[in-house]
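Enquirer: Questions regarding the structure given below will be posed in turn.
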């Protein structure tokens with residue numbers, strides 16, 4: 001890798017983030033609505049992810065599934081750019097500058113956790129706005145609720161009523177989710193990528209660009225499922241902390257999870273699991289395939 005190629009990982013990551021939102025945002029909207037409305041004290045509002053999706057489509061159409069997408073596009077593009085860039089550069093530094101060497105767990109985990117902790121500070125405000133926009137709207141299950149006219153209005157009103165620190169509500173939960181989740185994601189992705197490439201080298205199978213896409217889909221998709229399986233309870237706590245208007249509500253994610261567990265049991269802590277896992281594979285597969293294609297175009301593809 002050239003000395004001045006570090007920025008290319010950030011560019012490839014940015015493109016990757018955009019593709020992730022296009023594929024994954026509708027699933028995310030359903031997940032957030034379930035997390036908000038199916039963990040309240042007065043019981044379940046939706047029977048599941050499919051029921052929630054049909055209610056949104058019937059009352060608001062496809063547009064309803066992309067509610068809050070603007071901050072998501074901005075946030076995810078920046079997040080993905082930073083996470084891939086910081087991860088790649090930290091990993092290279094821990095490897096002593098040898099980017100061709102196979103990354104070991106003691107290199108992957110701290111590199112990914114560090115990248116995740118950094119991006120959490122960018123991601124928290126954009127996710128707060130996204131989540132508050134996503135719970136707006138109406139259907140026959142949830143009463144009409146529309147407080148903000150758009151993402152910018154949501155951000156401005158949040159600052160007016162809660163101060164700048166209000167934009168970072170749920171910051172601890174976001175930091176824990178991103179640092180732990182990215183350590184799990186990149187460990188899974190790197191291991192599967194290396195293993196699948198190794199299997200192909202030992203076989204007589206012709207290596208083509210289509211095969212690279214297939215490896216990207218499998219390693220990225222399964223990495224995404226591993227990420228969310230590990231940290232979904234923290235995400236549930238984050239959603240409740242960010243969307244509940246009660247200013248006295250605890251912002252400690254573990255106290256929030258304890259409250260959710262008392263109300264709904266372990267099932268409540270994994271609210272939104274269906275749409276989250278359904279989203280995780282295609283969204284992360286798209287992100288990795290796009291990232292690796294962009295990396296190859298920029299001349300930073302690995303063997």
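Residue numbers (full-length UniProt numbering): 1 to 303.
Each residue gets a CB set at the ideal place from its N, CA and C atoms; glycine is no exception.
Treat the numbers as computed from the prediction; the structure is a model and nothing was measured.
Whole angstroms are fine: how far does the CA of residue 194 sit from the CA of residue 200?
Expert: Walking along the chain shown from the start, residue 200 turns up at place 200. Walking along the chain shown from the start, residue 194 turns up at place 194. Looking at the two C-alpha atoms, the distance is approximately 10 Å.
Enquirer: With DSSP collapsed to three states, give me the class of residue 140.
Expert: Here residue 140 corresponds to residue number 140 of the chain shown, with the count starting at 1. A caution first: residue 140 carries a pLDDT of 42, below 50, which makes its placement in the model unreliable, though a value can still be read off. Three-state result, residue 140: coil.
Enquirer: Here's the rule I'm using: 16 or more other beta-carbon atoms within 10 Å means buried, otherwise exposed. How should residue 223 be labelled?
Expert: Mapped onto the chain shown, residue 223 falls at position 223. That one is buried.
Enquirer: Residues in its own chain within less than 7 Å of residue 239 by CB, not counting five upstream and five downstream?
Expert: The residue labelled residue 239 in the question sits at position 239 within the chain shown. Cβ within range, chain order: 32, 35, 36, 131.
Enquirer: Is residue 58 helix, strand or coil by DSSP?
Expert: Translated into the one-based positions of the chain shown, residue 58 becomes position 58. Here residue 58 sits in helix by DSSP.
Enquirer: Inspect the CB distances between the segment 109 to 125 and the segment 89 to 96 and report whether three or more fall short of 8 Å.
Expert: They touch, by the three-pair rule.
Enquirer: What would DSSP say about residue 125, mapped onto helix, strand or coil?
Expert: To locate residue 125, count along the chain shown from 1; it is residue 125. Reduced to three states, the DSSP call for residue 125 is helix.
Enquirer: Report all residues from its chain with a CB closer than 7 Å to the CB of residue 141; omit the five preceding and five following residues, and keep chain order.
Expert: Here residue 141 refers to the residue found at position 141 of the chain shown. Any answer about residue 141 is weak, because its pLDDT of 49 lies below 50 and its placement is not dependable; what the coordinates show is given next. So the list reads 45, 46, 55, once near-sequence residues are dropped.
Enquirer: Have a look at residue 10 and residue 82 and give me their C-alpha separation to the nearest angstrom.
Expert: Along the chain shown, one-based indexing puts residue 10 at 10. Along the chain shown, one-based indexing puts residue 82 at 82. Near 6 Å, if we compare the C-alpha coordinates of residue 82 and residue 10.
Enquirer: Excluding the five sequence neighbours on either side, which residues of its own chain have a C-beta within less than 8 Å of the C-beta of residue 39, listed in chain order?
Expert: For the purposes of this step, residue 39 is taken as residue 39 along the chain shown, with counting starting at 1. Answer for residue 39: 236, 240, 260, 263, 264, 268, 271, listed in chain order.
Enquirer: With distances taken between CB atoms, is the gap from residue 19 to residue 290 smaller than 8 Å?
Expert: In the chain shown, counting from the first residue as 1, residue 19 sits at position 19. In the chain shown, counting from the first residue as 1, residue 290 sits at position 290. The answer is yes: Cβ separation under 8 Å.
Enquirer: Using 8 Å for Cβ pairs, my map puts residue 253 next to residue 176. What's the rounded Cβ distance?
Expert: Against the chain shown, residue 253 aligns to sequence position 253. Against the chain shown, residue 176 aligns to sequence position 176. Rounded, the Cβ-Cβ distance is 7 Å, consistent with contact.
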